[in-house]
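S.K.: Residues in the sequence shown are numbered consecutively from 7, following our numbering.
Where a beta carbon is used, it is the ideal one built from N, C-alpha and C, also for glycine.
To start, I am sharing the structure in question, which I have written as structure tokens.
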Amino acid sequence: MNATRHATRDAIVIGGGLVGAAIAYGLQRQGLSTVMLDEGDVAHRASRGNFGLVWVQSKGLGAPHYQHWTHASARAWPELAADLLEATGIGVGLHQPGGLHFCFSDEEMAQRDALMGQLRREAGNAGYEYRMITAAELHDMVPGLGPQVVGASWTPYDGHVSPLHLLRALHAAFQGAGGLYRPNALVTAIKALPGDFAVDLGADTVRAPRLVLASGLGNADLAPLVGLSAPLRPERGQILVTERARQVLALPTHVVRQTEEGSLLLGDSKEDLGFDTLTQTPAIMRAIARRAVQTFPWIAALNIVRAWAALRVMSPDGKPIYDASERFPGAYIANCHSGVTLAGAHASLLAPMIAAGALAPDLSPFSARRFHVQKTA
Ligand SMILES: Cc1cc2nc3c(=O)[nH]c(=O)nc-3n(C[C@H](O)[C@H](O)[C@H](O)COP(=O)(O)OP(=O)(O)OC[C@H]3O[C@@H](n4cnc5c(N)ncnc54)[C@H](O)[C@@H]3O)c2cc1C
């Protein structure tokens, strides 16, 4: 007699990081009974090691679809934060006062202005508000700016959250709404038929007509199992955290942000070192600290209390991958390197599309097919 139990759900989401949890929460909220399968604690998890920015400026240069998607997510964020608070009592600490990107020479200011101008042109009628702010004006916005800062770009769209509270809140809201979370469930095989997916978990099998691959770097191996592709690579980033200080930094910046608890996060780096998250490199940590002190000299008086490295989930062009399988209708994939920023879009826009059975045409430029075309060109 076969003792294996079968549980049928409306959707299976593989991956319990920020991308998987946001989509699973969104699906469950759409009324789809959803199971989220997640690997063990040894997994690579960008969602537990990121900087926490909800960042719009600089995103989508030469790719208006990405700019629009990021904007849409930033707009969806206040409602997501409010819903999570109501559902779970967990405040994710969302603040969207706009953000600053600092420049250290007149040449950098000119280049940044040109880049922001291009983003505005490419935004078209959707609009893209920004200002280049000189050091004199910046002194009124942020305290104790270093003499080497010449100015900054500012957009009103940027913000930040506590990424750990966000991850916890998404999981809690998902489960509170009836979703089933299965930890220690490393998926290595999928039985796929059009509109019928089964994953064997040993003691039982879960089955559903919809499957979402949202397992970060793990998607590279899983995608081919359902006729998709995800050419992803890890990109390491290191972050330093200072002791708590009184609240001084009212706006997040691309290199320093102050948490609700008062710590300053100093970030981050971009390193191509494979799957290594264990070693932290003093030279990179020094460079991160030096840049922070160059921006705000008073940071030098604060002790660093924590530091870590984590792996970004990078596609070849750095933009997200969203795809629906043609061979196995019902199977979808979602990957991005800005899972905090895009949590609003994933929960409120992408999940309803998946629930309805089709990705909107606006998302077609995010298909991994763009990489196949490049290869053969
Ligand atoms: C240093 C750093 C700074 C960052 N700063 C920001 C920022 O300021 N703002 C921003 O928007 N983004 C930022 N990011 C990016 C953001 O953290 C990621 O985009 C996001 O966390 C990706 O989430 P994910 O769920 O796709 O992947 P992950 O967090 O890597 O999670 C993947 C999950 O899938 C599971 N999994 C993997 N394989 C399998 C399998 N085969 N079966 C079952 N489960 C599996 C794992 O257990 C894990 O839980 C940063 C990243 C880094 C590293």
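1. Would Leu308 and Leu270 qualify as a contact pair, given that the criterion is a beta-carbon distance under 9 Å?
2. Give the list of continuous beta strand (DSSP E) stretches no shorter than 3 residues that lie fully inside the segment 87 to 112.
3. Taking the beta carbon of Gly58 as the centre, do at least 16 other beta carbons fall within 10 Å, making it buried, or is it exposed?
4. Between which residues of its own chain and Tyr136 is the CB-CB distance below 8 Å, once the five residues before and five after are set aside?
5. Along the chain, where does the alpha helix (DSSP H) that runs through Pro169 open and close?
6. Write down every uninterrupted run of the beta strand (DSSP E) in the segment 282 to 348 whose length is 3 residues or greater and which is fully enclosed by it, in chain order.
7. Per DSSP, what kind of secondary structure is Ser159 in: helix, strand or coil?
8. Between Arg242 and Met42, which are expected to be in contact by the criterion C-beta below 8 Å, what is the C-beta distance as a whole number of angstroms?
9. Determine the extent of the beta strand (DSSP E) in which Ala198 is found, giving its start and end residues.
10. Just to confirm, does Ile245 get its C-beta within under 8 Å of one of the non-hydrogen atoms of ligand 1?
11. Relative to ligand 1, is the shortest distance from any of its heavy atoms to the C-beta of Arg54 smaller than 8 Å?
12. Check whether the Cβ atoms of Leu223 and Val148 sit closer than 9 Å, and answer yes or no.
13. Report the three-state DSSP secondary structure of Leu223 (helix, strand or coil).
14. Given this structure, state the Cα-to-Cα distance separating Val60 from Val98, to the nearest angstrom.
15. Note down, in chain order, each residue of its chain lying with its Cβ closer than 6 Å to the Cβ of Lys197, except the 5 sequence neighbours on either side.
16. Using DSSP bridges, identify the partner residues of Gly165.
17. What are the boundary residues of the alpha helix (DSSP H) that Ala357 is part of?
18. Cα separation between Ala383 and His260?
19. Look at the alpha carbon of Trp304 and the alpha carbon of Gly150, and state the distance between them as a whole number of angstroms.
20. How is Glu267 classed by DSSP in three states: helix, strand or coil?
21. Taking the alpha-carbon of Gly95 as reference, which of Leu176, Ala17, Leu369, Ala82 has the nearest alpha-carbon?
22. Checking 9 Å against the spacing of the C-beta atoms, do Ala330 and Leu365 come in under that value?
23. According to DSSP, is Thr14 helix, strand or coil?
24. Starting from Val25, follow the beta strand (DSSP E) in both directions and report where the run begins and ends.
25. Where does Arg188 sit, in a helix, a strand or coil, going by DSSP?
26. Tell me whether Val41 counts as near ligand 1, meaning its Cβ is closer than 8 Å to at least one heavy atom of that ligand.
27. When the Cα of His74 is compared with those of Ala52, Gln181, Ala132, Cys109, which residue comes out closest?
28. Please identify the residue among Ala129, Gly165, Gly26 whose C-alpha is closest to the C-alpha of Arg5.
29. For Ala214, report the span of its beta strand (DSSP E) as first-last.
M.R.: Walking through what the data contain:
1. Locating residue 308 in the sequence shown gives position 302, counting from the first residue. Locating residue 270 in the sequence shown gives position 264, counting from the first residue. Yes; because the gap between Cβ atoms is below 9 Å, this pair is in contact.
2. Listed in chain order, they are 105 to 109.
3. On the sequence shown, position 52 is the one that residue 58 refers to. Its Cβ being crowded by 16 or more others within 10 Å, Gly58 is buried.
4. Residue 136 sits at position 130 when you count from the first residue of the sequence shown. Shown here for Tyr136: same chain residues with a beta carbon closer than 8 Å to its own, the five before and five after excluded, namely Gln63, Met122, Leu125, Arg126, Ser159, Trp160, Thr161 in chain order.
5. Locating residue 169 in the sequence shown gives position 163, where the first residue counts as 1. Taken as a continuous stretch (DSSP letters only), the alpha helix (DSSP H) holding Pro169 covers 169 to 182.
6. Fully enclosed beta strand (DSSP E) runs of 3 or longer: 310 to 320, 327 to 330, 337 to 341.
7. Working through the sequence shown from its first residue, we reach residue 159 at position 153. The answer is strand: DSSP assigns Ser159 an E or B state.
8. Mapped onto the sequence shown, residue 242 falls at position 236. Mapped onto the sequence shown, residue 42 falls at position 36. In this structure Arg242 does not touch Met42 by the C-beta definition: roughly 26 Å separates them, more than the 8 Å allowed.
9. Against the sequence shown, residue 198 aligns to sequence position 192. Taken as a continuous stretch (DSSP letters only), the beta strand (DSSP E) holding Ala198 covers 197 to 199.
10. For the purposes of this step, residue 245 is taken as residue 239 along the sequence shown, with counting starting at 1. Ile245: yes, Cβ under 8 Å from ligand 1.
11. Taking the first residue of the sequence shown as 1, we reach residue 54 at position 48. Correct: Arg54 has its Cβ closer than 8 Å to ligand 1.
12. Taking the sequence shown and counting its residues from 1, one reaches residue 223 at position 217. Taking the sequence shown and counting its residues from 1, one reaches residue 148 at position 142. No, Cβ-Cβ distance for Leu223 and Val148 is not below 9 Å.
13. Here residue 223 refers to the residue found at position 217 of the sequence shown. Three-state result, Leu223: helix.
14. Reading the sequence shown from its first residue, position 54 is the one you call residue 60. Reading the sequence shown from its first residue, position 92 is the one you call residue 98. So the two alpha carbons sit approximately 12 Å from each other.
15. Taking the first residue of the sequence shown as 1, we reach residue 197 at position 191. The residues Ala204, in chain order, have a CB closer than 6 Å to that of Lys197 in the same chain once the five nearest residues on each side in sequence are set aside.
16. By one-based count along the sequence shown, residue 165 stands at place 159. In the DSSP assignment, Gly165 forms a beta bridge with Val60.
17. Counted from its first residue, the sequence shown places residue 357 at position 351. Per DSSP, Ala357 belongs to the alpha helix (DSSP H) from 357 to 362.
18. Translated into positions along the sequence shown, residue 383 becomes position 377. Translated into positions along the sequence shown, residue 260 becomes position 254. With a pLDDT of only 43 at Ala383, under 50, the local geometry of the prediction cannot be trusted, and the value read off the model is given with reservation. When rounded, the distance between both Cα atoms is 35 Å.
19. Taking the first residue of the sequence shown as position 1, residue 304 is located at position 298. Taking the first residue of the sequence shown as position 1, residue 150 is located at position 144. Each residue's CA atom was taken as its position, placing Trp304 and Gly150 some 7 Å apart.
20. Translated into positions along the sequence shown, residue 267 becomes position 261. In the structure shown, Glu267 sits in coil (DSSP, three-state: anything other than H, G, I, E or B).
21. Within the sequence shown, residue 95 is the residue found at index 89, counting from 1. The shortest Cα separation from Gly95 among Leu176, Ala17, Leu369, Ala82 belongs to Leu176.
22. Numbered from its first residue, the sequence shown carries residue 330 at position 324. Numbered from its first residue, the sequence shown carries residue 365 at position 359. For Ala330 and Leu365, yes; Cβs fall inside 9 Å.
23. Here residue 14 refers to the residue found at position 8 of the sequence shown. Judged by DSSP in its simplified three-state form, Thr14 adopts strand.
24. Translated into positions along the sequence shown, residue 25 becomes position 19. Counted as a single uninterrupted DSSP element, the stretch harbouring Val25 is not any beta strand (DSSP E) but the alpha helix (DSSP H) occupying residues 24 to 35.
25. Taking the first residue of the sequence shown as position 1, residue 188 is located at position 182. Strand, per DSSP.
26. Start at 1 with the first residue of the sequence shown, and residue 41 comes out as number 35. Because no heavy atom of ligand 1 lies under 8 Å away, the Cβ of Val41 does not count as near it: no.
27. Here residue 74 refers to the residue found at position 68 of the sequence shown. Shortest Cα-Cα distance from His74 to any of Ala52, Gln181, Ala132, Cys109 involves Ala132.
28. This structure cannot settle anything about residue 5, because the visible part of the chain is limited to 7 through 383.
29. Translated into positions along the sequence shown, residue 214 becomes position 208. Looking at the DSSP string, the run of the beta strand (DSSP E) that includes Ala214 is 210 to 214.
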